[in-house]
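In the working numbering, the protein residues as written are 1432 to 1592.
Read through the structure below, which is laid out as structure tokens, and then see the notes.
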Amino acid sequence: MTAPIHPETRIGHVHLKVADLDQALGFYCGVLGLGLTQRYGERAAFVAAGGYHHHIGLNTWESLGGSPPAPSTTGLYHLALLYPTRATLADALRRVEAAGIPLDGASDHGVSEALYLRDPDGNGVELYRDRPEAEWPRDPDGALRMVTARLDLDALRREIG
């Protein structure tokens, strides 16, 4: 058996094939509020939060004008953006609703609260915040017991004020 991966390892970025770079930038920068950190001509761009070099890469190198993958095929299920607080997740909901983007779902997983939607290329996007670890649901033996319950969107909206 091999040793487990170092516990501080994180997913650094996701790189997506998109059909229209400007449309993708409109979603990731214009709606979600990520910053454009670098653009490579008309075919690729990097976007991020907080001045990081890139959390998401977007390119049309193999997908310019393409269509989303067909249902029942393998590939990306969703990418997830972790928000630092409930208030920042509420602001993300406000941005998505103001842009007229429908939610695919909204769930309370016990450990987190999550919003699910699609980007312009049909890629799944999860916007979520983690609860403090002390609040995570556990069984009597201490094992994690995640759930999928309905997220109260009205209560989340009230976080904005």
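Even for Gly, the Cβ is constructed at its ideal location relative to N, Cα and C.
Quantities reported herein were computed from a predicted structural model and do not represent experimental measurements.
If you drop the 5 nearest sequence neighbours on each side, which residues of the same chain put their C-beta closer than 8 Å to that of residue i?
i            : result
residue 1594 : Because the chain here runs from 1432 to 1592, residue 1594 falls outside it and cannot be looked at.
residue 1535 : 1547, 1548, 1549, 1555
residue 1518 : 1590, 1591
residue 1583 : 1539
residue 1578 : 1539, 1540, 1541, 1568
residue 1474 : 1452, 1490, 1491, 1492, 1495
residue 1562 : 1541, 1542, 1543, 1544
Could you name the residues of the same chain whose beta carbon sits closer than 7 Å to that of residue i, not counting the 5 residues immediately before and after it, in chain order?
i            : result
residue 1468 : 1477, 1478, 1479, 1484, 1485
residue 1570 : 1576
Among the options, whose alpha-carbon lies nearest the alpha-carbon of residue i?
i            : options                : result
residue 1466 : 1545, 1487, 1588, 1579 : 1487
residue 1532 : 1570, 1458, 1499, 1514 : 1458
residue 1543 : 1462, 1576, 1529       : 1576
residue 1445 : 1509, 1461, 1435, 1470 : 1509
Report, in whole angstroms, the separation of the C-beta atoms of residue i and residue j, which I expect to be a contact under 8 Å.
i            : j            : result
residue 1450 : residue 1497 : 5 Å
residue 1513 : residue 1559 : 6 Å
residue 1462 : residue 1530 : 4 Å
For residue i versus residue j, is the C-beta spacing smaller than 8 Å?
i            : j            : result
residue 1524 : residue 1587 : yes
residue 1557 : residue 1511 : yes
residue 1464 : residue 1526 : yes
residue 1499 : residue 1552 : yes
Return the chain-ordered list of same chain residues with a C-beta closer than 6 Å to the C-beta of residue i, the five sequence neighbours on each side being excluded.
i            : result
residue 1566 : none
residue 1435 : none
residue 1454 : 1551
Could you give the uninterrupted runs of the beta strand (DSSP E) lying entirely in the stretch 1510–1575, keeping only those of 3 residues or more? Taking 3 residues as the minimum length, the beta strand (DSSP E) runs contained wholly in the stretch 1510–1575 are 1510–1514, 1536–1539, 1543–1549, 1555–1561, in order along the chain.
Whole beta strand (DSSP E) elements within the stretch 1435–1463, 3-residue minimum: Unbroken beta strand (DSSP E) runs of no fewer than 3 residues, entirely contained in the stretch 1435–1463, are found at 1445–1448, following chain order.
Can you give, in chain order, each stretch of the beta strand (DSSP E) that sits fully within the stretch 1478–1512 and has at least 3 residues? As far as the stretch 1478–1512 is concerned, its whole beta strand (DSSP E) runs of at least 3 residues are 1487–1490.
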